[in-house]
Amino acid sequence: MGWRDVVYGAYERRVLKDLPKEALPRHVAVMLDGNRRWARARGAGTASGHQAGADKIEELLEWCRDAGVEYVTLWLLSTDNLRRAEEELAPLLKIIETAVADLAESGNWQLKIVGALDLLPPETAASLSASAERTKDVDGMTVNVAVGYGGRREIADAVRDLLLARAAEGETIEQIAAELTVEDIAEHLYTKGQPDPDLVIRTSGEQRLGGFLLWQSATSEFYFCEAYWPDFRHVDFLRALRAYAGRHRRFGG
1 MGWRDVVYGA
11 YERRVLKDLP
21 KEALPRHVAV
31 MLDGNRRWAR
41 ARGAGTASGH
51 QAGADKIEEL
61 LEWCRDAGVE
71 YVTLWLLSTD
81 NLRRAEEELA
91 PLLKIIETAV
101 ADLAESGNWQ
111 LKIVGALDLL
121 PPETAASLSA
131 SAERTKDVDG
141 MTVNVAVGYG
151 GRREIADAVR
161 DLLLARAAEG
171 ETIEQIAAEL
181 TVEDIAEHLY
191 TKGQPDPDLV
201 IRTSGEQRLG
211 GFLLWQSATS
221 EFYFCEAYWP
231 DFRHVDFLRA
241 LRAYAGRHRR
251 FGG
């Protein structure tokens, strides 16, 4: 072990020790960004970047579990990403399928697939659904895997589901409109029944949501990290938790 490792380890332990356990997030959402740029910086192919990003996921989940986080949402593929060239998209979908299957196989997490599965190739949608089904009885941290996900699409789907459900009960459009509340729509989101994310982390230096959890992140705290996702370290995660714990959440007040 070199002196840099010793210094890094000492710093990491100090950050961890100083974290106020009572002020840590219950739900952490992460935008796993920068895989392609990470690969490009190394002169490697795009698929190698996506694979490196997939290989980092379980490590992050272990950090979250150790910090007492109860829910994690991972954005692996957006609706916009589905427009990428087939030579990039096809390998990426296989990498995601395998990564999610491996998470299910570990038996450590209860997986929920969130996104518009109807936009995915049928074999991908079936694979993801089967992986999540295998974890339905796991008594562990809930991990939302966002694939084919877009925040605007989620809200549209929620409103559509709400209208269909109320119409099936015999309500007219006028009745629905007169009684509609924010809570009614929230009950039809992909993440229904879960607390909204307390902390949203985005890697790669980008400082925008890009459509991630538009509804749920209304009062979330945000942390932007310069590191590309495959380079995201435990100390980067701890810094995000420290920044979150140091903020006074006003919830719009």
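If you're matching positions, the sequence shown starts at 1 in my numbering and goes up one per residue.
No residue lacks a Cβ here, since even glycine has one placed at the ideal position from N, Cα and C.
Only a predicted model underlies this, so the values are computations on that prediction, with no experimental measurement involved.
Legend entry - Test item: CB-CB of His-271 and Ile-95 under 7 Å: The chain is shown only over 1 to 253; residue 271 falls outside these bounds and no answer can be derived.
Inset, instruction - With a 10 Å radius around its C-beta and 16 neighbouring C-beta atoms as the bar for buried, classify Glu-154 as buried or exposed. - result: What you label residue 154 is simply residue 154 of the sequence shown in a count that begins at 1. Per the 10 Å Cβ criterion, buried.
Inset, instruction - Compute the distance between the beta-carbons of Val-145 and Leu-74, then report whether it is under 7 Å. - result: On the sequence shown, position 145 is the one that residue 145 refers to. On the sequence shown, position 74 is the one that residue 74 refers to. Yes, Cβ-Cβ distance for Val-145 and Leu-74 is below 7 Å.
Inset, instruction - Provide the residue(s) that pair with Leu-74 in DSSP beta bridges, ordered along the chain. - result: Here residue 74 corresponds to residue number 74 of the sequence shown, with the count starting at 1. In the DSSP output, where bridge partners are listed per residue, Leu-74 has Val-30 and Val-145.
Legend entry - Outcome for Gly-9 when other beta-carbon atoms lying within 10 angstroms are tallied against a minimum of 16: Locating residue 9 in the sequence shown gives position 9, where the first residue counts as 1. That one is exposed.
Legend entry - Alpha carbon of Arg-14 to alpha carbon of Glu-62, nearest angstrom: Within the sequence shown, numbered from 1, the residue matching residue 14 stands at position 14. Within the sequence shown, numbered from 1, the residue matching residue 62 stands at position 62. Computed Cα separation, rounded: 19 Å.
Inset, instruction - Hey, could you find the ends of the beta strand (DSSP E) Lys-112 is sitting in? - result: Within the sequence shown, numbered from 1, the residue matching residue 112 stands at position 112. That run of the beta strand (DSSP E) goes 109–114.
Inset, instruction - Report yes or no: do three or more beta-carbon pairs, one from the region 206–216 and one from the region 179–197, lie closer than 8 Å? - result: Contact between the region 206–216 and the region 179–197 is present, with at least three C-beta pairs closer than 8 Å.
Inset, instruction - Inspect the beta-carbon positions of Tyr-71 and Thr-142 and report whether they are closer than 7 Å. - result: Taking the sequence shown and counting its residues from 1, the one referred to as residue 71 is at position 71. Taking the sequence shown and counting its residues from 1, the one referred to as residue 142 is at position 142. The Cβ-Cβ distance between Tyr-71 and Thr-142 falls below 7 Å.
Legend entry - Nearest-angstrom Cα separation, counted from Phe-232 out to Gly-246: On the sequence shown, position 246 is the one that residue 246 refers to. On the sequence shown, position 232 is the one that residue 232 refers to. Those two C-alpha atoms are separated by around 21 Å.
Legend entry - Exposure of Lys-21, with buried meaning 16 or more beta-carbon neighbours within 10 Å: If you number the sequence shown from 1, residue 21 lands on position 21. A residue is called buried once 16 or more other Cβ atoms fall within 10 Å of its Cβ, and Lys-21, having fewer, is exposed.
Inset, instruction - List the whole-angstrom C-beta distance separating Asn-35 from Gly-53, where the pair is believed to meet the contact cut-off of C-beta under 8 Å. - result: Here the question's residue 35 lines up with position 35 in the sequence shown. Here the question's residue 53 lines up with position 53 in the sequence shown. Indeed they touch by this definition, with Cβ atoms about 4 Å apart.
Legend entry - Secondary structure of Arg-42, DSSP reduced to three states: In the sequence shown, the residue the question calls residue 42 occupies position 42. The answer is coil: DSSP assigns Arg-42 none of H, G, I, E or B.
Legend entry - Stretch-stretch touch, CB-based, cutoff 8 Å, three pairs: the region 238–245 with the region 179–192: Taking 8 Å as the limit for Cβ pairs, the verdict is that the region 179–192 does not touch the region 238–245.
Legend entry - Within 7 Å, strictly: CB atoms of Gly-148 and Leu-119: Residue 148 sits at position 148 when you count from the first residue of the sequence shown. Residue 119 sits at position 119 when you count from the first residue of the sequence shown. In contact: Gly-148 and Leu-119 (Cβ atoms closer than 7 Å).
Legend entry - With 16 other Cβ atoms within 10 Å as the buried cut-off, status of Tyr-190: Indexing the sequence shown from 1 puts residue 190 at position 190. It counts as buried.
Inset, instruction - Helix, strand or coil for Glu-206, going by three-state DSSP, please let me know. - result: Against the sequence shown, residue 206 aligns to sequence position 206. Glu-206 falls in the coil class under three-state DSSP.
Inset, instruction - Indicate whether Tyr-223 and Arg-37 have their beta-carbon atoms separated by less than 7 Å. - result: Looking up residue 223 in the sequence shown gives position 223. Looking up residue 37 in the sequence shown gives position 37. No; because the gap between Cβ atoms is not below 7 Å, this pair is not in contact.
Legend entry - Assigned secondary structure, Tyr-228 (DSSP; H/G/I helix, E/B strand, else coil): As a first step, residue 228 must be located in the sequence shown, where it is residue number 228. In the three-state reduction of the DSSP assignment, Tyr-228 falls in the coil class.
Legend entry - Gly-211 to Met-31 span [Cα, whole Å]: For the purposes of this step, residue 211 is taken as residue 211 along the sequence shown, with counting starting at 1. For the purposes of this step, residue 31 is taken as residue 31 along the sequence shown, with counting starting at 1. Each residue's CA atom was taken as its position, placing Gly-211 and Met-31 some 11 Å apart.
Inset, instruction - Counting only runs of 3+ residues fully inside the region 88–140, write out the beta strand (DSSP E) ranges in chain order. - result: Taking 3 residues as the shortest admissible run, the region 88–140 contains the following complete beta strand (DSSP E) segments, listed from N- to C-terminal end: 109–114.
Inset, instruction - Go ahead and pull the three-state DSSP assignment for Phe-222. - result: As a position in the sequence shown, residue 222 is number 222, starting the count at 1. Phe-222 falls in the strand class under three-state DSSP.
Legend entry - DSSP bridge partner residues for Ile-201 (one or two, in chain order): Your numbering for residue 201 matches position 201 in the sequence shown. By DSSP's assignment, Ile-201 forms a beta bridge with Val-30 and Tyr-223.
Inset, instruction - Go to Arg-152, then tell me how far its alpha helix (DSSP H) extends in each direction, as first and last residue. - result: By 1-based counting over the sequence shown, the position of residue 152 is 152. Start and end: 151–168.
Legend entry - Residue span of the alpha helix (DSSP H) that contains Tyr-244, given as start and end: Working through the sequence shown from its first residue, we reach residue 244 at position 244. Per DSSP, Tyr-244 belongs to the alpha helix (DSSP H) from 234–245.
Inset, instruction - Classify Ala-47 as helix, strand or coil using the three-state DSSP reduction. - result: In the sequence shown, counting from the first residue as 1, residue 47 sits at position 47. Look at Ala-47 here: in three-state DSSP terms it is helix.
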